[in-house]
Every structure is written in structure tokens, then in C-alpha cells.
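So the structure is just underneath, and the comments pick up after that.
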Ligand code: ATP
Ligand code: MN
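Residue numbers (my numbering): 9 to 476.
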């Protein structure tokens with residue numbers, strides 16, 4: 009084949025030099041036509057849009073042509089031409105075609121017909137090649153870029169917190185243990201317990217459930233930081249919104265109050281959604297058309313409207329009024345109980361019809377580090393609740409007072425022996441500060457309109473599933 013520098017399809021579709029020689033490489037989406045001329049829809053992942061390759065059958069070897077089936081990978085030289093067909097400005101009149109890789113139609117699982125998302129999860133290694141997952145993962149990439157850009161431009165530092173942790177004070181019971189001890193025959197102490205002093209780190213360790221505590225250390229020095237990394241939770245909740253391995257973004261800001269924390273959360277999410285509308289229009293249009301006709305409207309709405317702020321107490325009052333008016337929830341609502349996703353979504357979707365930030369939760373249902381309010385009952389927590397998702401962000405102003413923090417830790421019997429370093433933030437130069445955690449996949453769920461969190465991470469980790 010003649011050597012012509014490759015043009016990626018997203019660029020090829022923009023070229024205007026009709027008559028020029030062009031090379032594209034990609035995977036065949038479909039092939040159709042008659043006995044004289046065939047049309048190949050070719051995709052290389054650079055965009056959801058395919059380029060049309062026109063093949064004059066008389067000019068090509070029949071045996072080679074037979075290999076060009078859905079899923080095959082080909083290398084195409086040709087002439088850029090104006091397209092007569094609908095939906096594209098340009099196409100390629102093929103002059104030479106090389107088949108890089110065939111995809112036997114008898115065996116290749118992704119034929120033209122629409123597959124269910126459930127089926128595609130079973131072939132997660134190949135589902136990447138569908139339009140849907142191409143769109144989702146280009147958007148996922150864009151959201152990561154938006155997040156880094158947002159924080160970088162506002163003077164936050166990207167801070168890396170460890171994935172292996174020696175503290176078990178947060179999320180005890182839902183942590184994955186990390187060990188090199190033999191499970192069948194672990195070293196034992198004289199008393200017969202597992203002897204973690206013989207383990208790799210000389211103590212018991214787990215995968216982190218959050219980078220926040222280390223993030224707070226950094227905020228006490230760098231001022232404004234954010235983390236963006238994987239977190240792990242062994243919670244056995246098989247829901248469309250929970251993964252055992254997910255990515256979390258956690259900004260932590262010295263001197264911020266809960267009000268400033270709420271402003272940051274709203275501004276940050278709106279920025280990310282606006283970024284998607286600006287940078288991912290083709291992919292969003294596809295998802296809007298295929299899955300959710302209200303997707304783009306919903307995204308615009310979120311960027312244009314302030315989130316509704318109210319206290320947990322007021323939220324519970326609204327929910328109880330709804331129950332009194334005959335609304336049925338699966339779980340009861342009462343002051344002091346944690347809100348279920350159905351309650352959160354009622355507030356957002358039925359009552360306010362916009363995102364909601366709930367604040368000042370009962371201290372019993374929130375983490376030990378949250379700033380205690382004067383009332384002795386509530387803490388300065390804030391959860392951001394979103395349509396279709398429920399909780400997308402959980403955050404708070406932190407308790408900066410050493411004595412109050414220690415009192416709370418003792419009240420809760422939290423094992424703090426390994427946490428002296430965290431308490432040192434409050435012993436030396438303590439400062440008011442606040443932060444939150446955004447679940448990256450929950451953001452992607454919202455932005456793509458997908459219904460199941462397993463469809464917005466390439467290779468989901470959930471109970472009984474760690475394939476690929
Ligand atoms: P939920 O009540 O929905 O289980 P949570 O209150 O346990 O969430 P946080 O500890 O506040 O979650 O974590 C911060 C954010 O991380 C949440 O707001 C959510 O967006 C995300 N998140 C939490 N757990 C998961 C999970 N298992 N899978 C995916 N995202 C999660
Ligand atoms: Mn939460």
C-alpha cells in the first residue's frame with residue numbers, strides 16, 4: 009500500500025481539501041450496498057461519527073472484500089470526496105484497502121443489532137467498541153479533564169493520598185483487607201489471634217475508603233487541595249449506584265465555611281456539566297436520542313439554576329408531609345434516620361424539581377469529624393442530591409476543635425490508636441476547614457443519563473464480579 013499519513017476520523021470529517029489523498033484506519037461498523045458498489049461505515053474511536061468509505065467492487069479483490077465484515081479492522085487509502093449521502097459532508101472513495109484483522113461474523117458477538125446493556129456487561133472487553141460505550145468513555149475522559157482544569161485554574165493542588173491505609177476508623181466493616189499472610193495458615197499470636205505484626209506492613213492494613221483524612225493534612229499546609237483517585241468499599245449493596253471500586257474527587261479547603269463549601273460544590277458540578285455540553289455535544293446527542301430524551305435539557309437546567317439549600321430537619325418535614333398526603337415510600341422517614349435514595353429523589357424530582365443541598369444532619373448518622381452545631385444534636389454536614397442519582401456529593405465543615413473532636417471519638421469508641429497524626433492537625437495550628445467527596449461515577453451517571461453505575465466505569469467491580 010502507498011504510504012499516506014493517517015488522519016483520525018474526527019479530523020477527516022472536518023477536512024475540506026476535496027480530491028486529496030487520505031488514509032484512515034478503523035473498525036468496520038457496518039457494510040452495505042449492491043453488487044457494484046459498497047458503503048463501509050468506519051469508526052476509529054476519535055468520535056462517535058463514522059466516515060463512509062465507498063468501495064467500487066470492480067477495483068478490489070473479491071477474497072479480500074469478503075473479510076470486511078462488522079468488527080473487522082481495516083486500513084484504507086482513498087480520495088476525499090464530497091458525499092451525496094445524508095448525514096455526512098465528506099466520504100472516501102477507496103483506492104486501496106488492507107485488512108488488519110478479521111472478525112468472523114459467525115463468532116463476533118457484536119453484530120449490528122442492538123444488544124441489551126445487561127448482555128454487554130458480560131462482554132465488557134468488547135462493549136467498548138459500541139457507540140454507547142464509546143460515547144460514555146469519551147465523556148468520562150472529558151469529565152476528568154474538566155475536574156483537573158477546574159481545580160488547577162482556581163489554585164488547588166492535586167494531592168495524592170495512599171490507597172493502602174493502616175487506619176480503620178472510617179468505614180470499619182466495609183474495608184478490603186490487604187495482607188500477604190497466608191489465609192489458610194496465618195501466623196498466630198500466643199493467644200491464637202492473627203499476628204499482624206508478621207504481616208507485610210507489620211500491622212493490619214486495608215484499601216482506603218476515602219482520601220479525606222490525609223487530604224485534611226495537606227489542606228493545613230497547601231491551603232486548597234483535591235484528591236482524585238480510586239476508593240474501595242466492601243459494602244454488600246447491589247444497587248445501580250454502588251461499586252466496590254470507584255473513583256472519588258475530594259477537595260479540602262482551609263478556612264472555608266459550610267456556606268463556601270456549598271458554593272464550591274455547586275460551582276464545581278455546574279462547571280463540569282457545562283464542559284460536557286461544550287466538549288461532548290455529539291456523544292450527548294447520541295445518548296439523548298438513544299436512551300434519554302430529556303438528558304440534554306436536564307444538563308442545561310442544572311447549569312442554569314441554583315441548587316436548593318435546606319436543612320435535614322426541613323427536608324424530613326417535607327417528606328413527612330408527603331407521607332401524610334398519601335405518598336408511599338418503601339422505607340419510613342423520621343427525624344434521626346438516614347435518608348434513602350427514594351427520599352432524596354422525592355425532594356429533588358417531585359418537590360423542588362432541582363438539585364438540593366441538605367445540611368445539618370443528626371450527628372448520629374454522620375462521621376465523627378464533622379463540625380458540631382450549637383444545638384448539640386446536628387453537625388455541619390452537606391449532601392448534594394441530584395435528579396435520578398440521589399446523593400452525588402457528601403461533605404461537611406470539619407470539627408476544628410481538638411477537645412470536641414476527641415470527645416466525639418471517645419463517645420463513638422472509634423479505634424484511634426493509629427490516628428495520632430490526624431489529631432495533630434487540631435493540636436498544631438488548627439484551622440476552620442471544609443471539604444467534600446464527589447463520586448466520579450455518580451457524576452458520569454448524571455452526565456450520560458445511564459441508569460446503572462456498572463455502565464459508566466470500564467470494568468466494574470461489584471459483589472461476585474471482578475472479571476476482566
Ligand atoms: P451512599 O449513601 O450513596 O452509599 P455514602 O454516604 O456512603 O453514599 P460518602 O462516604 O459520603 O458516601 O462518599 C462520598 C461520595 O462518594 C458519595 O456522595 C457518592 O457520590 C460516592 N460513593 C459512595 N459510595 C459509593 C459506591 N459504593 N460506589 C460509587 N460511588 C460511591
Ligand atoms: Mn454521604
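All C-beta atoms, glycine included, are put in the ideal place defined by N, C-alpha and C. From a predicted model like this one, the values you see are computed outputs, not experimental measurements.
Item: Check: residue 383 C-beta below 7 Å from any heavy atom of the ligand MN; Value: no
Item: Contact test: residue 243 Cβ vs the ligand ATP heavy atom, cutoff 7 Å; Value: yes
Item: Own chain, CB closer than 7 Å to residue 243, minus 5 neighbours either side, in chain order; Value: 182 and 250
Item: Contact shell at 6 Å, judged by CB to any heavy atom of the ligand MN, ordered along the chain; Value: 391, 399 and 402
Item: CA nearest to the CA of residue 294, picked from 58, 22, 338 and 206; Value: 58
Item: Collapsed DSSP secondary structure at residue 20 in the structure displayed; Value: helix
Item: Nearest-angstrom beta carbon gap, residue 39 and residue 76 [assumed within contact, 8 Å]; Value: 6 Å
Item: Of the residues 20, 257 and 274, the one placed nearest residue 97, counting alpha carbons only; Value: 20
Item: Whole beta strand (DSSP E) elements within the segment 364–413, 3-residue minimum; Value: 364–370, 386–394 and 398–405
Item: Runs of beta strand (DSSP E) lying entirely within the segment 70–101, each at least 3 residues, in chain order; Value: 81–90
Item: The beta strand (DSSP E) enclosing residue 277, as first and last residue numbers; Value: Careful: residue 277 lies outside any beta strand (DSSP E), inside the alpha helix (DSSP H) at 266–287.
Item: Neighbourhood of residue 195 by C-beta distance below 7 Å, restricted to the same chain and skipping five residues each side; Value: 189, 203 and 206
Item: Per DSSP, the bridge partner or partners of residue 462; Value: According to DSSP, which records beta bridges pairwise, residue 462 is partnered with nothing at all.
Item: Status (buried if at least 16 other CB within 10 Å, exposed otherwise) for residue 26; Value: exposed
Item: Secondary structure of residue 205, DSSP reduced to three states; Value: helix
Item: Helix, strand or coil at residue 348 [DSSP, three-state]; Value: coil
Item: Residue 408 to residue 429 span [Cα, whole Å]; Value: 14 Å
Item: Validate contact between the segment 261–279 and the segment 434–442 using beta carbons, cut 8 Å, 3 pairs; Value: yes
Item: Residue 148 CB to nearest heavy atom of the ligand ATP below 7 Å; Value: no
Item: Any non-hydrogen atom of the ligand ATP within 7 Å of residue 215 CB; Value: no
Item: Beta-carbon gap between residue 386 and residue 411 smaller than 8 Å; Value: no
Item: Proximity test, residue 351 beta-carbon vs the ligand ATP heavy atom, cut-off 7 Å; Value: no
Item: Reference residue 89, options 302, 65 and 24, closest by Cα; Value: 24
Item: Option nearest residue 403 by Cα separation, candidates 172, 218, 285 and 283; Value: 218
Item: Same chain only: Cβ atoms within 7 Å of residue 214, ignoring 5 sequence neighbours per side; Value: 173, 176, 183, 184, 185 and 186
Item: The segment 413–425 in contact with the segment 374–383 per 3-pair CB rule at 8 Å; Value: yes
Item: Simplified DSSP state of residue 318, which is helix, strand or coil; Value: strand
Item: Run of the beta strand (DSSP E) containing residue 433, from where it starts to where it stops; Value: Residue 433 -> not in any beta strand (DSSP E); alpha helix (DSSP H) instead, spanning 428–435.
Item: The beta strand (DSSP E) enclosing residue 214, as first and last residue numbers; Value: 213–215
Item: DSSP three-state assignment for residue 60, whether helix, strand or coil; Value: strand
Item: Closer than 7 Å: residue 249 CB and nearest the ligand ATP heavy atom; Value: yes
Item: Per-residue burial, residue 220 [other beta carbons within 10 Å of its own, 16 or more giving buried]; Value: buried
Item: beta-carbon residue 461 near the ligand ATP non-hydrogen atom, thresh 7 Å; Value: yes
Item: Limits of the alpha helix (DSSP H) - the one that residue 312 falls within; Value: 303–312
Item: Meets three-Cβ-pair contact criterion under 8 Å: the segment 100–120 and the segment 57–72; Value: yes
Item: Residue 122 burial status per 10 Å Cβ neighbour count (16 or more: buried); Value: exposed
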